[in-house]
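Protein chains in written order, with this note's numbering: chain A, 1 to 311; chain B, 312 to 613. One structure below.
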Amino acid sequence: MMDQLISLLTDYTFQVVALGTGFLGLLSGVIGTYATIRGESLLGDALSHAALPGIAIGFLLIGRKEWVVLMLGAAASGLAATALIQWMSRKRVVKFDSALSLILSSFFGLGLVLLTHIQGSANANQAGLDTFIYGQASAMLIQDVQTIAGIGAVLLLVVGLFWKEFKAYTFDPVFTQTLGFSGTLLEFLLSGMMVVVIILGLESVGVILMSALVVGPSVAARQWSDRLSGVMGLSGLFGFLSGVIGTTLSSIGHQIPTGPTIVVVLSIFVMASLLFAPKRGLLMKQLEQKKRKQKYAQQLQTRKEANEYVG
Amino acid sequence: MLVEIRLIAVIVAVACALPGVFLVLRSLTMMSDAITHTVLLGIVLAFFITQDLNSPLLMIGATLMGVATVWLIETLQRTKLLGNDTAIGIVFPLFFSIAIILITRYAGDVHLDADSVLMGELAFAPFRRLTLFGMDLGPKSLWTMSVILALNAAFIGVFYKELKLTTFDPAFAAAVGFSPALLHYGLMTLVSLTAVGAYDSVGSILVVGFMVGPALTGYLLTNRLKQMIGIAVLAAVINSLIGIELAFLLDTSLAGMAAVVTGVTCLLAFLFSPEKGWIKKAALRRKQKREFYTWLEKEGIH
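Laid out in structure tokens, this is it:
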């Protein structure tokens, strides 16, 4: 067993995939924290689905599978979707979740239409769509990891540079705007970062996994810390660990897909955090309540005895 | 056969639009999105038990899975440790991933195609026929969805007042003795059932569009519940018919096109709605701005 583990850890392909998904997890965790705090967790889900038509249009424009163009198309489509969602829901005419669902399905439908048109058949089941939904983490190359690391570094730099502005805008957008900061610009930057992260991950781990990676780590992290820096740091850590451990487990096992395994590992982190975290954890709360009950019972008993004595 | 496709499409659209009205009003649309993803796990688990792809147990299992999803999400929401949307974003990827792992690991050689669950294909629906006593009674999905449509309509018809009350004032409803929880789970069970029934023809991911789109169009065009339901049904019919025609014309995915048309009608409603439309509101905002500046000048404020 130990030998198997060691030979796995020194295997080049494994290292590439583990590092790649680890970095992806780290990035998603950090960027996703903003969305979670603002209550826009499912924006990642909607954006992941909304990227499909962009990919199809990119392919239509240049006629072949050039990665950069496809990703740019996906980004454009994702940003368009975000803009539409914000436009519809900002003035409260349409509720946020309704806007999300509508844009999600319309854009995805458009993607399907374009894809089936490209494939020349009316059947939507083809390999391209498969990798879009489930990803192909095991097919990661060192170039992919380098791309993720490179773009990731830029994103983290942006987070660092605008730390105070993002923090203020996330917790109190109206106040931040009264201070003179441009709400539109900050909104654009935040959404933009989200879109970039999702596009990065789409090719390797697919739509469903990206939705999970953007939400999960920050939820788990939130149970352990009350400070934004703490939550964000832990979020990145949980994301990274999920990627590495998930890849390890799926490689050890037989015929287990990598992406879904990472989600399961991440979910375990989330459940464990919800249950066992100090202060907020459900288990802790139960124990605290028990202790309090005992304390009151004791106090009551002491009072009773005191009254009897004085009696 | 073309007639059958159109018929199935319209029935699916209307069957989805009916519960969709209440999903939109109760802000449960993303919950239903989660359900459409998790029914896959229900189908997989039911398949493991029955080993039969055509067993009706598959449908029951999937529906139960949908309800279980709602229950788990709400349990998480009740802990107050995470936001409402966040709970949804935790549960459905987990269930979906488990389903994918199970399929890849144990059913890889069986023809349980996750794609067809997610995307479906309306064009193939007429080929899966329901034969009873050797008689061809038409496409299976036509019958399944018709029954589901009838169930949805019956539910809304019988519980109209209760649904209306619990949607707009759940606290009061509980105070007078109704059970909002019961109605809620009743509604979500129907949503589950509809999603499962529709996956055969339009695929799970697009079911959300069919549920939300027409209802949202109705929401934008009126303030009365009865009219909203009526407009939703009308929009559902129009969207699906136009979608199918365009799809035939461009030789492309039927359900996908219907989803696109649904989005377009919603957008049109959003822009041109007489009361809530963006165009009207933008004009109103401009007018208010002008009046305010005029008043400012009059008061001598600069």
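C-beta: ideal position from N, C-alpha, C; glycine also.
A distance of 9 Å or more separates the beta carbons of L393/B and V30/A. A Cβ of chain A is located within less than 9 Å of the beta carbon of T573/B. For the pair A74/A and V154/A, the Cα-to-Cα distance works out to about 19 Å. Contact between I148/A and G39/A fails: their C-beta atoms lie close to 27 Å from each other, not under 8 Å. Of the candidates L200/A, Y34/A, L110/A, the residue whose Cα lies closest to the Cα of G22/A is L200/A.
Spatial neighbours of M71/A in its own chain (CB-CB distance under 6 Å, excluding positions within 5 residues in sequence) are listed in chain order as I199.
Cα atoms of A570/B and L110/A: separation of roughly 7 Å, rounded to the nearest angstrom.
For the pair L185/A and A168/A, the Cα-to-Cα distance works out to about 14 Å. Bounds of the alpha helix (DSSP H) holding S98/A are 96–119. The continuous alpha helix (DSSP H) containing T478/B extends over residues 471–479. In the DSSP assignment, H49/A falls within the alpha helix (DSSP H) that extends over 43–62.
What F583/B touches in chain A, judged by beta-carbon distance under 9 Å, is nothing: the nearest beta carbon there is about 13 Å away.
Within chain A, no residue has its beta carbon less than 9 Å from that of A324/B; the closest one is some 13 Å off. Rounded to whole angstroms, the gap between the alpha carbons of Q4/A and I262/A is 20 Å.
In this structure, DSSP gives K391/B a state outside helix and strand, which the three-state scheme calls coil.
With the criterion set as a beta carbon lying under 9 Å from some beta carbon of chain A, the members of the stretch 377–411 of chain B are L387, T390, L392, L393, G394, N395, D396, T397, A398, I399, G400, I401, V402, F403, P404, L405, F407, S408, I409, A410, I411, in sequence order. Legend: CB atoms of the stretch 516–539 of chain B lying less than 9 Å from CB atoms of chain A belong to residues I516, L517, V518, V519, G520, F521, M522, V523, G524, A526, L527, Y530, L531.
Under the three-pair Cβ rule at 8 Å, the stretch 292–309 of chain A does not count as touching the stretch 551–569 of chain B. Annotation for Q289/A: the continuous alpha helix (DSSP H) segment containing it runs 282–310. Our two residues, K609/B and Q599/B, have alpha carbons roughly 15 Å apart in a direct line. Comparing alpha carbon positions, the residue from M342/B, S490/B, T340/B, M376/B closest to A357/B is M376/B.
If you check the CB distance, F96/A and S77/A do not come in under 9 Å.
Secondary structure note for E608/B: its alpha helix (DSSP H) is the uninterrupted segment 589–610.
At least 9 Å separates the CB of D363/B from every CB of chain A. Within the stretch 181–269 of chain A, complete beta strand (DSSP E) segments of at least 3 residues are not found at all.
Residues of the same chain with a CB within less than 6 Å of the CB of V94/A, apart from the 5 flanking positions on each side, are M88 in chain order. Here L453/B really is in contact with L318/B; their C-beta atoms are around 6 Å apart, less than 8 Å. By the CB criterion at 9 Å, Q136/A and S204/A fall inside the cutoff.
Under the three-state reduction of DSSP, A379/B is assigned to helix.
Taking 8 Å as the upper bound on Cβ-Cβ separation, chain B lies near residues T36, G39, E40, S41, L42, G44, D45, H49 of the stretch 24–58 of chain A. For P278/A, the closest of P257/A, L190/A, R222/A, K164/A by C-alpha to C-alpha distance is R222/A. If you compare the alpha carbons of K592/B, G331/B, M522/B, V355/B with that of I414/B, the shortest gap goes to V355/B.
Contact note: R280/A reaches chain B through L392, using a C-beta cutoff of 7 Å and chain order. Annotated three-state conformation of P173/A is helix, per DSSP. Annotation: G488/B is outside any alpha helix (DSSP H) and is labelled neither H nor E by DSSP.
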